[in-house]
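K.L.:
Dumping the structure here so I can ask a few things about it.
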Amino acid sequence: MWHSATVRLSLGFVALAVFCLGIADLSITAHDPWHELGRLVQGLVQPDVSAVDDLWVALLRTLAFAFVGVGLGATAGFLLALVFHSRLVRGICAFVRAIHELFWALIFLQFFGLHPLTGVLAIALPYAGVFAKVFAEILEETDPLPERVLPAGSGRLSTLAFTRLSEAWPHLVSYTSYRLECGLRSSAVLGFVGMPTLGFYLESAFAQGHYDTVGALLLLFYALIASLRLWVRPLLVPVYLVVAPFCLGSGLPIVWSNVSRFFTEDIVPSPLRHGEGVSGLVGWLGDIMANEALPGIWQTLVLTQIALVLTGLLALALYPLVSRHFFQKRDFQRAFCQRLPFRQHLAVAKGHSTGSGRPGNRLAHLLGHGLLVIMRSTPEYLLAFILLQLWGPSMLPAVVALAIHNGGIIAHLVGRRSNEVRLRQDAPHGLERYAYELTPRLYGPFLALLFYRWEIIMRETAILGILGITTLGFYVDSAIQEIRFDRAMVLILITALLNIGVDVLARHLRARLRLRHTANCEP
């Protein structure tokens, strides 16, 4: 059902996005974007990997960074989840997950260099904060009744193992498998800052205009993500975790004096290093705020608002692609309404026993599912990089990239949620079913998911500045390129605080509208 508060809030967000559209730079400046797009499509149709040296080594290292980074993040996150009730722990986790993996990579590059430790920590650190939050929520949502029937004096560890942990274990495993998919995306993107993963070769192929190689690398990455459930089996995961550290490569040796200098000199504000005192520090901070932070914050907020609303519109338009209510014959709906036994219900769903779905409908459903898999499997940074090459530097590539990736995720989740809705026998079909039956029932969970992704979209918006869009990431990258790490750290801190603020606002809106929290409902 539609609620007035939900409708007013939604219209307010749309109105704000329309205002942002009027002041955003969404121009296409490339000389012949359609020609470049045609070359990319041709590369996808006729891929060629022969020009890529050591391709399989890059693929192996992409997997290795993902497994080691996610493994460390999950382990640390689980331990932190056990003490997540501490305000200090929650604050630390919120801070580390508010900083994007690429920002962490840029930081670690300054003192570890192109060493495997840079890539591993860039993934593991923010993921630990994410795992801690989600694992704590999953454990809190378990049934507390089993704890009350344990004998008195039971230890805390045994209580956890035999009550909450045993019930939450399937959800913990499911979420960890999803984060592994995210880890593969993060690992590939680390190649754009020099790590030897697929992103490094993709950037090189684009720079040289080898679109057939670009197509081959993209198809290889999609195949890797699509086949994840086929080769990541519970019994094999320990083997992967043991082998992965030996596949990271050696890299350049760590110069520990650089580590010490980074913390004792490089990130110390310049006025303090030169003895200018408090007055010099205030002027220095004022210069950063006026010339870099405030313009970056403004551009980040504008881009985020447009991408957020476009993400929502895209998700609402595409969720029917994976909803069985739009792709099956009427007897499928009757199976739900009549509550057939599970085996018979499953037979109906597969088109057996009580009739089969039209072949065209099954094909459309399969193609729709495949489209959403591609959309949510493509990292925003990677897609924005490709679109920037095709359209030129503006906010448009970033907006489209963010909307495609996040819209695919939310559409998949909403479509999956729609499959749990039972329709009455006389339910309408087509557009009326979409507008009057399903969408009003799904709008609450949809809005909760959109608010949950809000902070993620903000974090991605900031990092896209590395590609040349004048968000906060643009000024961070510029400061690092100019070897002004003190300014870069201040800007990264501002980015983290901005993300934390958006996360707090999103949680407040979810609570005010009584929307169910869906942080642990990722695909």
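For the sequence shown, counting from 1, position 176 maps to 172 in the working numbering; every step adds exactly one. Where is the CB? At the ideal position from N, CA and C, for every residue including glycine.
#1: For a quick check, are the C-beta atoms of Leu168 and Ala62 less than 7 Å apart?
#2: For Gln421, does the three-state DSSP call read helix, strand or coil?
#3: Could you give the residue range of the alpha helix (DSSP H) that holds Tyr207?
#4: Using CA coordinates, which residue listed in Leu446, Leu75 and Ala475 is at the minimum distance from Cys89?
#5: Within this structure, are the beta carbons of Gly403 and Thr466 separated by less than 7 Å?
#6: Counting pairs of Cβ atoms below 8 Å between the segment 389 to 398 and the segment 14 to 34, do you hit three or more?
#7: If you compare alpha carbons, which of Ala502, Leu59, Gly440 and Trp165 is closest to Trp227?
#8: How many Å lie between Ser275 and Gly282 at the Cα?
#9: Under a three-way DSSP split, which group does Phe104 fall into?
#10: Beta-carbon within less than 7 Å of Arg413's beta-carbon, same chain only, minus the 5 sequence neighbours each way: which residues are those?
#11: Considering Arg57, what are the terminal residues of the alpha helix (DSSP H) in which it resides?
#12: On the three-state DSSP scale, how would you describe Val248?
#13: Kindly indicate if chain C contains any beta-carbon less than 7 Å away from that of Arg181.
#14: Suppose you measure from the CA of Tyr432 to the CA of Gly69; what does that come to, to the nearest Å?
#15: In this structure, how does DSSP classify Pro230 when only helix, strand and coil are distinguished?
#16: Taking Cβ to Cβ, would you say Gly247 is nearer than 7 Å to His111?
#17: Counting only the same chain and skipping the five closest in sequence on each side, list residues whose C-beta sits under 6 Å from that of Glu32.
#18: Check each candidate in Pro375, Val251 and Ala507 and name the one with the smallest Cα separation from Gly109.
#19: Excluding sequence positions up to five away, which residues of its chain have a Cβ less than 6 Å from the Cβ of Gly67?
#20: Looking only at C-alpha atoms, which of Asn415, Ala444 and His425 sits nearest to Arg503?
#21: Taking only three categories from DSSP, how would you classify Pro375?
#22: For Trp450, I'd like the list of residues in its chain whose CB is within less than 7 Å of its CB, leaving aside the five on either flank, ordered along the chain.
#23: For the alpha helix (DSSP H) that Gln204 lies in, which residues bound it at each end?
#24: Using only alpha-carbon positions, find the residue among Val210, Val185, Asp50 and Glu163 that is nearest to Pro43.
#25: With distances taken Cα to Cα, identify the nearest neighbour of Leu505 among Glu272, Asn415 and Tyr448.
#26: Does the segment 485 to 497 come close enough to the segment 292 to 299 to have 3 or more Cβ pairs within less than 8 Å?
#27: For Asp473, count the other beta carbons within 10 Å of its own beta carbon; 16 or more makes it buried, fewer makes it exposed. Which is it?
#28: Contact defined as beta carbons within less than 8 Å: I believe Arg57 pairs with Pro192. What is the distance between those atoms, to the nearest angstrom?
#29: By Cβ distance, which residues of its chain are closer than 7 Å to Ala608, with the 5 residues on each side in sequence left out?
#30: Spatial neighbours of Val395 within its chain, please: C-beta separation below 6 Å, excluding the five flanking residues on both sides.
#31: Quick one: Cα of Leu186 to Cα of His(-1), how far?
#32: Just the Cα atoms here: how many angstroms apart are Val189 and Ala101?
#33: Since Tyr430 is in the alpha helix (DSSP H), which residue starts that stretch and which ends it?
#34: Return the chain-ordered list of same chain residues with a C-beta closer than 6 Å to the C-beta of Lys346, the five sequence neighbours on each side being excluded.
#35: Under a three-way DSSP split, which group does Arg175 fall into?
#36: Should Pro375 be labelled buried (16 or more other beta-carbon atoms within 10 Å of its own) or exposed?
P.N.:
Reading off the structure:
#1: Annotated as distal: Leu168 and Ala62, with beta-carbon spacing of 7 Å or more.
#2: Gln421 sits in coil when the DSSP states are folded into three classes, being neither helix nor strand.
#3: Counted as a single uninterrupted DSSP element, the alpha helix (DSSP H) harbouring Tyr207 occupies residues Tyr207 to Ala222.
#4: When C-alpha distances from Cys89 are compared across Leu446, Leu75 and Ala475, the shortest belongs to Leu75.
#5: Against a cut-off of 7 Å, the Cβ pair of Thr466 and Gly403 comes out as no contact.
#6: As far as the Cβ criterion goes, the segment 389 to 398 touches the segment 14 to 34, which means the pair count is three or higher.
#7: Ranked by Cα distance from Trp227, the first of Ala502, Leu59, Gly440 and Trp165 is Leu59.
#8: CA-to-CA, the gap between Ser275 and Gly282 works out to about 11 Å.
#9: Phe104 falls in the helix class under three-state DSSP.
#10: In chain order, Leu438 and Pro441 place their CB closer than 7 Å to the CB of Arg413, counting only its own chain and leaving out the 5 sequence neighbours on each side.
#11: Residues Leu51 to Ala77.
#12: Going by the sequence as given, residue 248 is Leu instead of Val. Leu248 falls in the coil class under three-state DSSP.
#13: In the displayed structure, chain C is absent; only one protein chain is listed.
#14: Cα to Cα, Tyr432 sits roughly 43 Å from Gly69.
#15: Here Pro230 sits in coil by DSSP.
#16: Between Gly247 and His111, the C-beta gap is smaller than 7 Å, which places the two residues in contact.
#17: Leu386.
#18: The option with the nearest alpha carbon to Gly109 is Val251.
#19: Sequence-distant Cβ neighbours of Gly67 in its own chain, meaning closer than 6 Å and more than five residues away, are Leu237.
#20: Distances from the alpha-carbon of Arg503 to those of Asn415, Ala444 and His425 put Ala444 closest.
#21: When DSSP states are grouped into helix, strand and coil, Pro375 belongs to the coil group.
#22: Contacts found: Leu304, Val498 and Ala502.
#23: According to the DSSP assignment, Gln204 belongs to no alpha helix (DSSP H), since it is labelled neither H nor E.
#24: Out of Val210, Val185, Asp50 and Glu163, Val210 has the C-alpha closest to the C-alpha of Pro43.
#25: That would be Tyr448, whose Cα lies nearest to the Cα of Leu505.
#26: Result yes; three or more Cβ-Cβ pairs closer than 8 Å.
#27: Answer is buried; the Cβ neighbour count reaches 16.
#28: Contact holds; Cβ gap of about 5 Å.
#29: The structure shown has nothing for residue 608, since the chain only spans -3 to 519.
#30: Its chain contains Ile302 and Ala303 as the residues whose beta carbon lies nearer than 6 Å to that of Val395, once the 5 sequence neighbours on both sides are disregarded; these appear in chain order.
#31: Roughly 43 Å between the two C-alpha positions.
#32: Straight-line Cα distance between these residues: approximately 8 Å.
#33: Tyr430 -> no alpha helix (DSSP H), and no H or E assigned at all.
#34: Its pLDDT being 39, under 50, Lys346 is placed unreliably in this model, and the coordinates cannot settle the point.
#35: Residue state, collapsed to three classes: helix.
#36: Label assigned to Pro375: buried.
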